[in-house]
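Novice: Protein chains in written order, with the numbering used here: chain A, 311 to 593; chain B, 311 to 593; chain C, 105 to 390; chain D, 105 to 390. Note that CB positions come from ideal geometry on N, CA and C, so glycine has one too. Here the structure is a predicted model, which means the values were calculated and not measured. Below is one structure. I have some questions about it.
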Amino acid sequence: MTVDQVVADIPSGSTVAIGGSSLSRKPMALIRALARSSVKDLRLIVDVGGPDVDLLIGTGSVSEVIYAFVGFEVLGLAPHFRRARQQQALRFEEWTEYTVMAGLDATIKRVPFLPTHAGLATDVLSVNTSFRRFQDPFHGEELVAVPALKPDVALIHVNYADAKGNGVILGDGHVDVLCAKAARRTYMSCERIISSDELQRYGRDVQILRVHTTGVVELPWGAHPTGCAPDYRADLRHLQDYLKHSANEDAWREYADQYIYTDPSRYLERQGGVEALLARLKV
Amino acid sequence: MTVDQVVADIPSGSTVAIGGSSLSRKPMALIRALARSSVKDLRLIVDVGGPDVDLLIGTGSVSEVIYAFVGFEVLGLAPHFRRARQQQALRFEEWTEYTVMAGLDATIKRVPFLPTHAGLATDVLSVNTSFRRFQDPFHGEELVAVPALKPDVALIHVNYADAKGNGVILGDGHVDVLCAKAARRTYMSCERIISSDELQRYGRDVQILRVHTTGVVELPWGAHPTGCAPDYRADLRHLQDYLKHSANEDAWREYADQYIYTDPSRYLERQGGVEALLARLKV
Amino acid sequence: MPLDERYALDEFLITTMARQFSGEVMVSSVTAFGALAALLAKARYAPDLAVLATPESGMEVTPMPTLSLGQFLTDAQRGIPLTMEEIFDAIFTDHFRIWINPAQIDRHGNTNISVIGDWHQPKVAMVGSRGIPEDTSHLSQIFYYVLTHSRRTVVEQVDFRSGAGTGPDRDATLGAHGAPSVLVTDLGVFDFTGPGGTMAVRSLHPGVTLEEVQEKSGFEIHAPGSIPVTDPPTEEDVQIIRDADPLEVRKLELLSGPEAAERFVSIYERERQALHAAWPRLGKLG
Amino acid sequence: MPLDERYALDEFLITTMARQFSGEVMVSSVTAFGALAALLAKARYAPDLAVLATPESGMEVTPMPTLSLGQFLTDAQRGIPLTMEEIFDAIFTDHFRIWINPAQIDRHGNTNISVIGDWHQPKVAMVGSRGIPEDTSHLSQIFYYVLTHSRRTVVEQVDFRSGAGTGPDRDATLGAHGAPSVLVTDLGVFDFTGPGGTMAVRSLHPGVTLEEVQEKSGFEIHAPGSIPVTDPPTEEDVQIIRDADPLEVRKLELLSGPEAAERFVSIYERERQALHAAWPRLGKLG
């Protein structure tokens with residue numbers, strides 16, 4: 311598939327689960343394609359969000375965010391996320407790391423909810439009206455019912471994949487497997503498409519199974535500016551630039567013109583080209 | 311640890327979860343040690359049981375079995391299990407493959423139950439009084455509440471382990487990880503103890519983590535007569551012999567004297583020794 | 105059914121089973137018939153199948169009918185190792201298919217592998233329901249096969265419901281989730297499109313009459329006015345099956361008594377060699 | 105606290121944190137302080153720790169304080185790769201420890217990383233509660249550290265409870281599950297053994313007075329009659345920290361503004377080289 315074919319499959323109003331974690335293995339090339347399309351009113355589901363969520367809020371593509379965390383880790387807060395939260399511009403629902411996983415897992419297990427103690431005695435339960443307190447049917451113990459999260463689409467980026475849709479993840483897996491299984495349609499970008507024979511050499515690092523994927527796109531550096539272990543680390547210099555350009559509308563338009571409203575190969579040229587990226591980011 | 315130290319940690323009346331699956335990677339050397347001890351009234355939890363459950367019933371060590379399946383696969387039914395079921399000699403509780411997994415997982419997640427549709431519209435729900443039907447707190451959908459299964463002890467056998475208790479499983483994992491995490495104490499036998507450095511080469515095949523294990527015993531051929539992929543296949547000839555000796559009490563006493571009331575090294579000698587085992591069972 | 109010199113009964117049935125598969129789903133190979141049906145389907149009828157070597161072992165392998173070597177195949181062919189959790193997630197998300205061989209199946213497609221007689225006072229305690237409750241409450245297609253169609257196997261009502269069939273109990277609790285779809289026996293192909301979701305004849309094997317089927321069934325199976333004859337295997341189907349099962353493990357399922365025991369021993373002794381011949385890389389692993 | 109030429113504040117605090125660990129538990133390295141505390145503890149105070157390179161990466165590795173290379177360490181050292189599911193299973197089974205650095209902590213040990221002001225109308229929207237609810241409802245030991253003890257960080261009541269503290273709400277819903285155990289700040293070590301599970305002084309760092317602590321806290325912290333002085337690091341503690349963090353990533357946590365930015369850039373440029381120097385095998389991987 312191509313990035314454009316993926317985006318054509320995602321209508322406005324879709325619920326989109328995004329893999330990766332803050333500055334690690336975010337499907338940024340797919341996110342940018344989504345951002346430059348006319349798609350609106352996306353409902354995002356992220357466990358640990360970063361530039362993915364922030365960029366889509368910045369381009370006005372989002373109407374709701376379900377999240378356990380959105381931030382830029384060592385670089386600080388996510389600027390568009392922060393602004394939108396403070397201006398109450400979109401709908402936000404604060405979940406927690408495990409409850410996002412449990413919500414996806416409930417969909418996979420085809421049950422309407424999963425029970426947990428997480429969230430009890432915290433204010434997450436007060437502000438998140440999707441959760442419900444209930445008593446367990448055996449002993450009446452008080453628990454939290456985490457409702458099933460049902461993404462229409464999952465977007466993930468992996469190291470390698472075969473053309474059939476099996477994917478290899480070499481670094482941390484984050485919640486990508488859960489996203490891929492829970493979504494009705496999963497689109498996976500990868501650093502490189504390899505043969506199915508070669509893929510099988512990766513054993514248990516083949517974490518994404520083709521029965522759970524809809525399409526694969528080869529997009530080298532497709533996680534940039536986030537990292538993709540062990541191929542490249544996060545580009546903190548580019549992310550600092552992103553943060554600077556998020557300070558006001560003019561600067562943001564400049565960033566968007568330069569890096570979002572362009573195709574994946576020109577994007578890489580504007581980073582100085584692959585050689586420069588390698589020199590800066592290859593570990 | 312030694313097998314005797316493991317057995318000394320398991321008092322009569324313990325609830326014991328057993329890893330492996332029917333004729334694959336059952337911790338048979340540990341099971342035999344348990345069988346020849348004075349331990350009684352064990353409450354066994356197995357997902358897919360085979361010679362493990364059958365042997366312990368044969369030696370009168372068991373008072374209750376929780377199981378999804380007990381059988382000898384291509385060789386037919388489990389003789390002592392069948393007889394005990396038909397004579398209503400012990401307490402039996404029929405679960406299903408996923409509900410045993412869910413019951414263990416509930417204990418791991420520290421919740422009193424997990425919900426599922428499995429079992430609805432079957433008679434498992436009628437005969438298994440541990441399950442409870444309930445309505446989900448969101449939409450009132452009818453579900454089955456699977457109660458937490460809380461093993462005191464788990465027994466598993468793996469290919470390799472380090473002395474600290476990390477274990478490598480190269481063939482199918484079955485439910486061993488769930489058993490190891492759910493039990494208060496997990497004892498692991500292995501074909502070979504290797505250094506922690508060597509163990510790390512196995513990457514994601516290191517499936518058992520030392521924080522979940524209590525002790526490790528090196529027991530080569532410790533799964534015999536079940537198989538341990540990729541090291542050796544199941545010894546169907548020995549199992550046929552087992553079945554023959556299960557026909558009546560005299561024959562069973564003969565089998566027990568020969569193969570149960572003996573130590574692990576003599577057990578191997580009585581199989582014709584390691585060379586003969588290799589010739590017959592190495593793949 | 106009368107034998108045809110071009111194929112044996114097992115080859116006829118395996119081909120019929122293979123032709124039921126479709127789509128991109130995982131297929132578990134729990135019996136020799138199931139393994140060969142998956143392998144043949146992948147080669148000829150449903151190229152997108154993701155075939156497993158055992159109920160749980162590696163995906164994307166060529167299963168080999170075997171008594172004890174399923175897991176070793178993953179090793180030999182590499183394959184993609186799976187976990188039990190992944191198998192059940194594929195079941196819950198309806199990306200899984202399996203041929204189940206029950207001891208009893210009834211008018212509504214309820215199936216039993218647990219017990220003959222009352223569960224609490226068994227006449228014969230069999231094995232326990234294993235994963236059949238999960239399969240039958242989640243999969244949109246459930247495939248059953250019975251090699252000896254008789255009043256003992258195709259019954260009015262099963263002694264114990266290990267697998268959920270059609271009917272009010274399913275409708276009330278499972279709704280759209282799952283349902284038995286096909287039964288292949290040595291006499292014909294059946295589905296559950298009869299009145300109230302009861303068993304109906306879809307086709308009969310060459311030479312089999314409706315009277316024979318009714319006589320060998322514990323209840324009257326619904327039959328349309330005109331009953332098709334099951335398509336026989338092609339030459340290519342038969343060849344694929346024979347090549348994939350040189351040890352003829354598939355024959356064991358149709359035998360019993362001393363003949364089966366003898367054949368069993370001989371297959372067990374020879375299967376390592378057959379595996380090494382099919383996958384020469386394996387011999388080097390030790 | 106007054107500086108001592110033998111150690112810096114960061115080294116003092118990291119050592120104090122390291123000494124809280126015990127037993128055979130996984131330790132996540134989410135900040136430089138947390139990573140170094142785990143590393144030092146493993147070397148000197150709690151040899152059975154199973155240390156992770158990042159919140160999720162391989163177990164049994166030597167963490168290196170880093171801006172972006174956590175996952176790469178697993179690769180370099182091999183390590184045992186984990187999944188998020190395994191991390192949370194370790195949390196639920198109480199085999200996990202972590203040092204959390206909240207924006208606010210209150211009298212009852214409730215902690216906040218989500219929002220300053222009202223959640224629905226935030227003055228400052230921070231990051232969201234992440235996994236702190238899970239940690240605080242399941243772990244029997246929860247470690248907090250705050251590098252600038254002030255009325256903005258140590259408050260009467262947090263604006264939002266991301267992490268559950270002590271008190272009736274916990275008692276009613278979590279019972280024996282979890283509880284905040286220790287807070288290390290730049291002024292002292294605190295626990296929650298005061299009346300009704302409130303914050304109490306366990307020890308004060310050398311030169312720190314109770315008056316200073318009370319003045320810099322948003323509420324009166326319970327104090328015993330005689331207050332011990334926190335033990336300083338040994339020479340060996342300090343050496344281990346310095347060797348493990350040649351880039352001085354730990355210093356970043358104590359800095360802010362232009363000085364931090366400059367140091368940040370320099371560390372980022374140099375961290376690949378430092379990684380390759382520490383783990384020469386890594387250079388060969390590409």
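One question on the structure: do GLY232(C) and GLU404(B) come within less than 9 Å of each other, judged by their Cβ atoms?
Specialist: Their beta carbons are under 9 Å apart, which means GLY232(C) touches GLU404(B) by this criterion.
Novice: In this structure, how does DSSP classify GLY387(D) when only helix, strand and coil are distinguished?
Specialist: With a pLDDT of 48 at GLY387(D), under the threshold of 50, the modelled position of this residue cannot be trusted; read the value that follows with caution. DSSP places GLY387(D) in helix when its eight states are reduced to three.
Novice: Can you grab the Cα-Cα spacing for the pair VAL369(C) / GLU357(C), in whole Å?
Specialist: Distance between the alpha carbons of VAL369(C) and GLU357(C) is about 14 Å.
Novice: Which residue spans inside the stretch 209 to 289 of chain C form an unbroken alpha helix (DSSP H) run of at least 4?
Specialist: The stretch 209 to 289 of chain C contains these whole alpha helix (DSSP H) runs: 236 to 242, 272 to 277.
Novice: Quick check: VAL313(B) and SER499(B), are their CB atoms within less than 9 Å of each other?
Specialist: Yes, these two residues count as a Cβ contact at 9 Å.
Novice: Mind listing, in chain order, the continuous beta strand (DSSP E) runs of no fewer than 3 residues lying wholly within the stretch 437 to 469 of chain A?
Specialist: If we require 3 residues or more, the beta strand (DSSP E) runs fully inside the stretch 437 to 469 of chain A come out as 442 to 445, 452 to 457.
Novice: Check the Cβ-Cβ distances between ARG514(B) and every residue of chain A, and say whether any is below 9 Å.
Specialist: True, the Cβ-Cβ gap to chain A drops below 9 Å.
Novice: State yes or no: is the beta carbon of ALA458(A) nearer than 9 Å to at least one beta carbon in chain D?
Specialist: No, ALA458(A) lies away from the interface with chain D (no Cβ there is under 9 Å from its Cβ).
Novice: For the alpha helix (DSSP H) containing TYR378(B), name the first residue and the last one.
Specialist: Looking at the sequence provided, one finds Ala at residue 378(B) rather than Tyr. Run containing ALA378(B): none in the alpha helix (DSSP H); it sits in the beta strand (DSSP E), 372 to 380.
Novice: Give, in chain order, every residue of the stretch 368 to 379 of chain B whose Cβ lies closer than 9 Å to some Cβ of chain C.
Specialist: Within the stretch 368 to 379 of chain B, the qualifying residues are TYR377, ALA378, PHE379.
Novice: Helix or strand or just coil, what does DSSP make of ALA399(B)?
Specialist: In the structure shown, ALA399(B) sits in coil (DSSP, three-state: anything other than H, G, I, E or B).
Novice: With distances taken between CB atoms, is the gap from GLU501(B) to PRO530(B) smaller than 9 Å?
Specialist: In contact: GLU501(B) and PRO530(B) (Cβ atoms closer than 9 Å).
Novice: Check GLY174(C) in the structure and name its three-state DSSP category.
Specialist: Three-state DSSP puts GLY174(C) in a helix.
Novice: If I follow the unbroken beta strand (DSSP E) through TYR497(A), where does it start and stop?
Specialist: It spans 495 to 503 - the beta strand (DSSP E) in which TYR497(A) sits, taken as one unbroken run.
Novice: For ALA464(A), count neighbouring Cβ atoms within 10 angstroms of its own Cβ and tell me buried if that reaches 16, exposed if not.
Specialist: Its Cβ being crowded by 16 or more others within 10 Å, ALA464(A) is buried.
Novice: Looking at chain A, which residues of the stretch 435 to 460 of chain B have a Cβ within less than 8 Å of any of its Cβ atoms?
Specialist: The residues in question are ARG442, PHE444, ASP446, PRO447, PHE448, HIS449, GLU451, LEU453, ALA455, PRO457.
Novice: Kindly indicate which three-state DSSP category PHE334(B) falls into: helix, strand or coil?
Specialist: One point to set straight first is that residue 334(B) is Ser, not Phe, in the sequence displayed. Correct three-state label for SER334(B): strand.
Novice: Note down, in chain order, each residue of its chain lying with its Cβ closer than 7 Å to the Cβ of ILE504(A), except the 5 sequence neighbours on either side.
Specialist: So the qualifying residues of the chain are TYR470, ASP472.
Novice: Quick one: Cα of GLU528(B) to Cα of THR496(B), how far?
Specialist: Rounded to whole angstroms, GLU528(B) to THR496(B) spans 15 Å at the Cα level.
Novice: For PRO321(B) and LEU308(D), I'd like the C-alpha separation in whole angstroms.
Specialist: Spanning the two alpha carbons is a distance of roughly 48 Å.
Novice: Have a look at the DSSP bridge pairing and note the partners of GLU404(A).
Specialist: GLU404(A) pairs with TYR377(A).
Novice: Taking C-alpha atoms, which residue in SER132(D), PHE323(D), ALA378(D), GLN377(D) lies nearest to SER254(D)?
Specialist: Looking at the Cα atoms, PHE323(D) is the closest of the given residues.
Novice: By how many angstroms is the C-alpha of GLU238(D) removed from the C-alpha of GLY368(B)?
Specialist: Each residue's Cα considered, the two are about 45 Å apart.
Novice: Rounded to a whole number of angstroms, what is the C-alpha to C-alpha distance between GLN445(B) and THR426(B)?
Specialist: About 11 Å.
Novice: Does MET163(C) come within less than 9 Å of chain A when only Cβ atoms are used?
Specialist: Cβ-Cβ to chain A under 9 Å: yes for MET163(C).
Novice: Work out the CA separation of PRO535(A) and TYR372(C) for me, nearest whole Å.
Specialist: Roughly 56 Å between the two C-alpha positions.
Novice: Exposed or buried, what is HIS449(A) when buried is set at 16 or more other beta-carbons lying within 10 Å of its beta-carbon?
Specialist: HIS449(A) should be labelled exposed.
Novice: Report the three-state DSSP secondary structure of ASP193(D) (helix, strand or coil).
Specialist: Here ASP193(D) sits in helix by DSSP.
Novice: Determine the closest residue to ARG353(A) out of LEU400(A), THR572(A), SER575(A), GLY330(A), with distance taken between C-alpha atoms.
Specialist: The shortest Cα separation from ARG353(A) among LEU400(A), THR572(A), SER575(A), GLY330(A) belongs to LEU400(A).
Novice: On the CB-based measure, 16 or more other CB atoms within 10 Å of its CB, does ARG335(B) come out buried or exposed?
Specialist: With 16 or more other Cβ atoms within 10 Å, it is buried.
Novice: With a threshold of 9 Å between beta-carbons, can LEU186(D) be considered close to chain B, or not?
Specialist: So yes, LEU186(D) belongs to the interface.
Novice: Is there a Cβ from chain B that is less than 9 Å from the Cβ of ILE195(C)?
Specialist: At least one chain B Cβ lies under 9 Å of ILE195(C).
Novice: Measuring only between beta-carbons, confirm whether LEU424(A) sits less than 9 Å from chain B.
Specialist: Output row for LEU424(A): interface = yes.
Novice: Taking the continuous beta strand (DSSP E) assigned at GLY525(B), which residues delimit it?
Specialist: Segment 525 to 528, the beta strand (DSSP E) holding GLY525(B).
Novice: Residues of chain D with a CB under 9 Å from the CB of HIS522(B): which are they?
Specialist: Residues of chain D passing the Cβ test: ASP193, ALA194, THR197, HIS199.
Novice: For the ligand GDP, is there any heavy atom lying closer than 8 Å to the beta carbon of THR197(C)?
Specialist: Although the ligand GDP was asked about, the structure shown includes no ligands whatsoever.
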